[in-house]
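Peer 1:
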Amino acid sequence: MEQFSATSYAILGQLALRSWSAYDLIQEMKRNFHYFWPRAESGLYAELKRLKKLDCVHTTKRKTGKRQSTVYAISPKGKTVLETWLGTEPAEFKLEFEGLLRVFLSRFGAPETLKKTLLKVEEDAGVLSVLATNIAREYLTGTAPFQEEIEVRTFVFDFLVHYADLYKEWVVRTREELQLREGRSADERKKMALELMRKNIAKLNLPV
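In my numbering, the protein residues as written are 149 to 356.
#1: What would DSSP say about alanine 221, mapped onto helix, strand or coil?
#2: Can you look up tryptophan 233 in the DSSP assignment and give me helix, strand or coil?
#3: I'd like the span of the beta strand (DSSP E) that includes arginine 332, first residue to last.
#4: With the cut-off set at 7 angstroms, would you say leucine 243 and serine 254 are in Cβ contact?
#5: To the nearest angstrom, report how far apart glycine 191 and leucine 160 are at their CA atoms.
#6: Please name the residue in Ile283, Ala221, Met345 whose C-alpha comes closest to that of lysine 209.
#7: On a Cα-Cα basis, can you pick out the residue from Lys351, Thr322, Thr236, Ala158 that is closest to phenylalanine 184?
#8: Using only alpha-carbon positions, find the residue among Ala188, Ala334, Val269, Thr236 that is nearest to glutamate 246.
#9: For lysine 211, does the three-state DSSP call read helix, strand or coil?
#10: Please give the ranges of any alpha helix (DSSP H) in the stretch 244–303, keeping only runs that are unbroken, at least 4 residues long and fully inside the region.
#11: Would you list the residues sitting across from valine 205 in a DSSP beta bridge?
#12: For valine 320, is the classification buried or exposed, using 16 other Cβ atoms within 10 angstroms of its Cβ as the cut-off for buried?
#13: Taking 8 angstroms as the cut-off, does the stretch 218–234 touch the stretch 174–181 (at least 3 CB pairs, one atom from each stretch)?
#14: When the Cα atoms are used, what is the spatial distance from alanine 334 to leucine 267?
#15: Here's the rule: buried if 16 or more other CB atoms are within 10 angstroms of the residue's CB, otherwise exposed. What is glutamine 151?
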């Protein structure tokens with residue numbers, strides 16, 4: 149039985165836009181999917197070859213000067229596979245965030261562990277914000293590689309901008325809370341932690 153992963157569909161989706169050399173395809177995927185579907189280049193190349201074996205992708209040879217390269221394009225079967233998947237329900241939402249894992253376990257590390265983790269999260273959020281600004285500049289000036297895709301891509305862009313803001317705001321709140329707890333007794337810190345939890349639960353408007 150043929151098995152496809154979300155990465156399979158991501159590749160087919162890029163090929164549905166146009167044909168690519170393997171290198172250009174992987175670079176475009178890194179540009180588009182890095183922050184919400186990151187995958188190693190080696191895995192992407194392997195999956196592209198597998199899709200070819202499954203007849204979801206076909207290849208042609210393209211000559212540029214003296215150089216010859218292989219160009220990949222989606223096949224009719226590949227289009228059907230992609231369309232069928234898009235008609236199914238998405239997998240449940242999962243969050244994989246090493247910074248949060250480190251915060252969860254920070255009590256077992258050095259005293260500066262938590263502060264260093266927050267700094268790294270803040271830096272990463274800043275990198276994402278810069279990337280978002282550069283992408284927005286391309287679309288707003290009409291120079292984006294796939295300008296015609298803005299109608300749906302703007303929703304992904306909106307999510308990623310708010311995602312970066314969420315990281316930054318969380319870092320600020322956490323630092324402020326740490327400063328408030330500094331110098332307090334263990335019992336006082338626990339009471340403050342419970343109060344923070346109550347405030348967050350209140351925002352959900354759900355019974356506790």
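Quick reminder that beta carbons are idealized off the backbone N, C-alpha and C, glycines included.
Peer 2: By the coordinates alone:
#1: Of the three classes helix, strand and coil, the one that applies to alanine 221 here is strand, per DSSP.
#2: In this structure, tryptophan 233 counts as helix in the three-state DSSP scheme.
#3: For arginine 332, there is no enclosing beta strand (DSSP E), as DSSP gives it neither H nor E.
#4: No.
#5: Approximately 15 angstroms between the Cα atoms of the pair.
#6: Check the Cα spacing between lysine 209 and each of Ile283, Ala221, Met345: the tightest is with Ala221.
#7: Among Lys351, Thr322, Thr236, Ala158, the Cα nearest to that of phenylalanine 184 is on Ala158.
#8: Residue Val269 holds the alpha-carbon nearest to the alpha-carbon of glutamate 246 among Ala188, Ala334, Val269, Thr236.
#9: Annotated three-state conformation of lysine 211 is strand, per DSSP.
#10: Runs of alpha helix (DSSP H) with 4 or more residues, each lying fully within the stretch 244–303, are found at 246–253, 261–288, listed in chain order.
#11: According to DSSP, which records beta bridges pairwise, valine 205 is partnered with Ile222.
#12: Exposed: under 16 other Cβ atoms inside 10 Å.
#13: As far as the Cβ criterion goes, the stretch 174–181 does not touch the stretch 218–234, which means the pair count is below three.
#14: Answer to the nearest angstrom: the Cα atoms are 25 angstroms apart.
#15: Exposed, by the Cβ-count rule.
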